[in-house]
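For the sequence shown, my numbering gives the first residue as 1036, with consecutive numbering after it.
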Amino acid sequence: MQVVCSPTDGGGKGAKVSPAVLALTRWASMPIPAPVVRTAPPRRRDGLVGLPEWFWVTNWDSLSDRVAARSVWVEVVARPQSMTIDPGAGEPVVRCSGPGTVYDRSRSAASQRTDCSYTFARSSLREPGRAYRVRVTVLWGGTWRGSDGSGGVLPPLSRSTTFRLRVAEAQALYG
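Right under this line is the structure:
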């Protein structure tokens, strides 16, 4: 997508537009999406105390854009860097270096691994709505390159999604 901007430097005719300012302006309005999160077990089914709940983000894709003002242009690239899972109710936050691993229902649970899971120690029965309020946040990093050969790193941005997750407790019976 190409966007043509008016000068941002406040100058009159002939005022030079700074590539760095142009990059920051575009970065502030980049259409970076909220994470689309899947879980295993799926959110429509209860998870179980003591068993890991898997999390993964399905829209973990880089974005790029080019913006121009007068004869100056910049290319801005946004890349997801990491993900945090806040399971709610004061439970510890999990940090993941990537999007998580898709759970493959055709394989046994014992044969699969992920670094993006959380094991609840208690049921969500006493939580509001009988569900944990989970918040998944993706941290985005950005870089830019200008028409004059300049470039740099942009300040990090984050996008979050919040959803309810029910966790039940099962009792084993021995006979």
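Every residue gets a Cβ at the ideal spot worked out from N, C-alpha and C, and that includes glycine.
Identity of the residues DSSP links to residue i by a beta bridge
i, result
"Ile-1120", "Val-1129, Val-1171"
"Trp-1062", "The partner list for Trp-1062 (beta bridge, DSSP) is empty, contrary to what the question assumes."
"Arg-1194", "Val-1173"
"Leu-1057", "Partner(s): none; Leu-1057 has no beta bridge."
"Ala-996", "Absent from the structure is residue 996, since the part of the chain shown begins at 1036 and ends at 1210."
Cutoff 8 Å; reference residue i; Cβ partners in own chain excluding five residues on either side
i, result
"Gln-1206", "none"
"Asn-1094", "Pro-1068, Pro-1070, Val-1071"
For residue i, the nearest candidate out of the options (CA to CA)
i, options, result
"Leu-1086", "Asp-1121, Tyr-1153, Pro-1066", "Tyr-1153"
"Trp-1108", "Ala-1058, Ser-1159, Ala-1063, Val-1092", "Ala-1058"
"Pro-1054", "Ser-1185, Glu-1204, Arg-1161", "Ser-1185"
"Pro-1122", "Asn-1094, Glu-1088, Arg-1105", "Glu-1088"
"Pro-1190", "Leu-1174, Cys-1151, Cys-1131", "Leu-1174"
"Glu-1126", "Pro-1066, Glu-1204, Arg-1157", "Arg-1157"
"Ala-1203", "Glu-1110, Ser-1182, Arg-1180, Phe-1155", "Phe-1155"
"Val-1052", "Pro-1066, Ser-1106, Asp-1096", "Ser-1106"
"Val-1169", "Met-1118, Arg-1180, Gly-1181", "Met-1118"
Nonlocal neighbours in the same chain, by C-beta distance under 6 Å from residue i, ignoring five residues either side
i, result
"Thr-1178", "Val-1112, Val-1188"
"Gly-1201", "Per the sequence presented here, residue 1201 reads as Arg, with Gly not at that position. Cβ neighbours of Arg-1201 beyond the five flanking positions: Asp-1081, Ser-1159, Ala-1166."
"Pro-1076", "Gly-1082"
"Gln-1116", "Leu-1174, Gly-1176"
"Ser-1041", "The predicted position of Ser-1041 is uncertain, since its pLDDT is 41 and thus under 50; no value can be drawn from it."
"Val-1039", "Any reading at Val-1039 needs caution, since the residue's pLDDT is 38, under 50, leaving its predicted position unreliable; the model's value is listed next. If we look at Val-1039 and ignore the five residues flanking it on each side, its Cβ neighbours are Ala-1103."
"Ser-1182", "Val-1107, Trp-1108"
"Arg-1180", "Glu-1110, Gly-1186"
Inter-residue spacing [alpha-carbon to alpha-carbon] between residue i and residue j
i, j, result
"Arg-1078", "Phe-1090", "10 Å"
"Ile-1214", "Val-1129", "Absent from the structure is residue 1214, since the part of the chain shown begins at 1036 and ends at 1210."
"Gln-1147", "Val-1171", "22 Å"
"Thr-1149", "Arg-1114", "21 Å"
"Thr-1064", "Ala-1144", "Checking the displayed sequence, the identity of residue 1064 turns out to be Ser instead of Thr. Roughly 41 Å between the two C-alpha positions."
"Trp-1062", "Cys-1131", "24 Å"
"Ala-1104", "Arg-1142", "53 Å"
"Arg-1073", "Val-1092", "6 Å"
"Leu-1084", "Ser-1193", "At residue 1084 the sequence reads Val, which differs from the Leu that was named. Cα to Cα, the separation comes out at about 30 Å."
"Cys-1151", "Glu-1110", "32 Å"
"Pro-1066", "Asp-1096", "12 Å"
Close-in-space but distant-in-sequence residues of the same chain around residue i (CB under 7 Å, 5 per side omitted)
i, result
"Ala-1124", "Glu-1162, Tyr-1167"
Three Cβ pairs or more, each shorter than 8 Å: is that satisfied between the stretch 1136–1152 and the stretch 1186–1198? By the Cβ criterion, the stretch 1136–1152 is not in contact with the stretch 1186–1198, since fewer than three pairs of Cβ atoms, one from each stretch, lie closer than 8 Å.
If you pair each beta-carbon of the stretch 1161–1171 with each one of the stretch 1098–1110, do three or more pairs fall below 8 Å? no
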